[in-house]
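Shown next, in structure tokens, is the structure this report addresses.
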């Protein structure tokens, strides 16, 4: 009996540790590869700008909207492998006490996909890394045509760049209020945006010649059907103006000013 109790307790302990690892712990530590070039909103311990740092990405969560303000992550070929998609969505239990914990079932029957900010496809090196992208704090309500078509195509393009040996730093989020779901606990953003810093040669000093940016601002609606993600290209400066965030602030200022005004694919 004593041996059975010990085994049972060890099993429970292992389950708890695994859950905590998967959902992540909130922290104010900013020395993280995913925040290497800045914390766009100076996220901290505020409930509506709540910093969560994980091995796979970092994010600012908003308890009022029920979605992330933004998620930031590094992407290079070391994050990519052959791990299959988990598809196991889980709530994040490591949120402030007064924060509603969004459940996977909150999206059922709403007409919106559970859309990833950090794509599952960007974390295929290991099972645990892939599972981390299915935590609900990395998920937003996304229109099916946006999620499955134009947004997915931009995700695939980003991975192509990584497989070419480039290093990418990405930040994505939503803006505005189209409607609310889950008894008004979760905002459906009117727009979805992404900004990408592309480093052609990660081993070299960053210059305006070897660092490029891509930025998109697209409607979170079915109107994007049969369009191309490049139809929604804007400048990083424009996304900053629309959101109030400061992207890639840790870059040398001369480089930041030059590359953030460009509009184009890696322009």
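Residue numbers (the numbering used here): 1147 to 1413. Using N, Cα and C, we set each Cβ at its ideal position, and we do this for glycine too.
Mapping the DSSP letters down to three states, classify residue i as helix, strand or coil.
{"i": "residue 1260", "result": "strand"}
{"i": "residue 1321", "result": "strand"}
{"i": "residue 1409", "result": "coil"}
{"i": "residue 1189", "result": "coil"}
{"i": "residue 1288", "result": "strand"}
{"i": "residue 1396", "result": "coil"}
{"i": "residue 1200", "result": "coil"}
{"i": "residue 1336", "result": "coil"}
{"i": "residue 1194", "result": "coil"}
{"i": "residue 1182", "result": "coil"}
{"i": "residue 1391", "result": "coil"}
{"i": "residue 1206", "result": "strand"}
{"i": "residue 1326", "result": "strand"}
For residue i, I'd like the list of residues in its chain whose CB is within less than 8 Å of its CB, leaving aside the five on either flank, ordered along the chain.
{"i": "residue 1175", "result": "Only weak support is given to the placement of residue 1175: the predicted model assigns it a pLDDT of 46, under 50, and the value that follows is read from those uncertain coordinates. Answer for residue 1175: 1199, listed in chain order."}
{"i": "residue 1375", "result": "1296, 1297, 1299, 1300, 1303, 1362 and 1364"}
{"i": "residue 1309", "result": "1223 and 1226"}
{"i": "residue 1402", "result": "1394 and 1395"}
{"i": "residue 1181", "result": "1199, 1204 and 1218"}
{"i": "residue 1284", "result": "1203, 1205, 1214, 1217, 1262, 1263, 1264 and 1278"}
My guess is that residue i and residue j are in contact by the Cβ rule of under 8 Å, so how many angstroms apart are they, rounded?
{"i": "residue 1370", "j": "residue 1406", "result": "Going by Cβ atoms, the distance from residue 1370 to residue 1406 rounds to 24 Å, so no, they are not a contact pair."}
{"i": "residue 1307", "j": "residue 1286", "result": "Actually they are not in contact, since the Cβ atoms of residue 1307 and residue 1286 sit about 23 Å apart, beyond 8 Å."}
{"i": "residue 1297", "j": "residue 1319", "result": "So it is not a contact: roughly 13 Å between Cβ atoms."}
{"i": "residue 1196", "j": "residue 1203", "result": "So it is not a contact: roughly 14 Å between Cβ atoms."}
{"i": "residue 1332", "j": "residue 1392", "result": "26 Å between Cβ atoms; not a contact."}
{"i": "residue 1323", "j": "residue 1336", "result": "6 Å"}
{"i": "residue 1237", "j": "residue 1248", "result": "6 Å"}
Got a sec? Which residues, its chain only, sit under 6 Å from residue i by beta carbon, not counting five neighbours each side?
{"i": "residue 1250", "result": "1235"}
{"i": "residue 1179", "result": "1220"}
{"i": "residue 1201", "result": "none"}
{"i": "residue 1384", "result": "none"}
{"i": "residue 1325", "result": "1334"}
Taking 7 Å as the limit between beta carbons, can you name the residues of its chain near residue i, skipping five residues before and five after?
{"i": "residue 1421", "result": "The chain is shown only over 1147 to 1413; residue 1421 falls outside these bounds and no answer can be derived."}
### Query
Unbroken alpha helix (DSSP H) runs of length 4 or more, entirely within the segment 1209-1269: which are they?
none
### Query
Would the segment 1357-1364 and the segment 1251-1259 be scored as touching if the rule is three or more Cβ pairs under 8 Å?
no
### Task
Examine the Cβ distances between the segment 1212-1219 and the segment 1292-1307 and report whether three or more of them are shorter than 8 Å.
no
### Message
Tell me whether the segment 1244-1252 and the segment 1338-1350 touch, counting them as touching only if at least three CB pairs, one residue from each stretch, are closer than 8 Å.
### Response
no
### Message
Restricting to runs no shorter than 3 residues, where is the beta strand (DSSP E) found entirely within the segment 1344-1369?
### Response
1357-1365
### Given 8 Å, three or more beta-carbon pairs between the segment 1267-1287 and the segment 1218-1236
yes
### Message
Could you check whether the segment 1180-1192 touches the segment 1216-1224, counting it as contact only if at least three pairs of C-beta atoms, one from each stretch, sit closer than 8 Å?
### Response
yes
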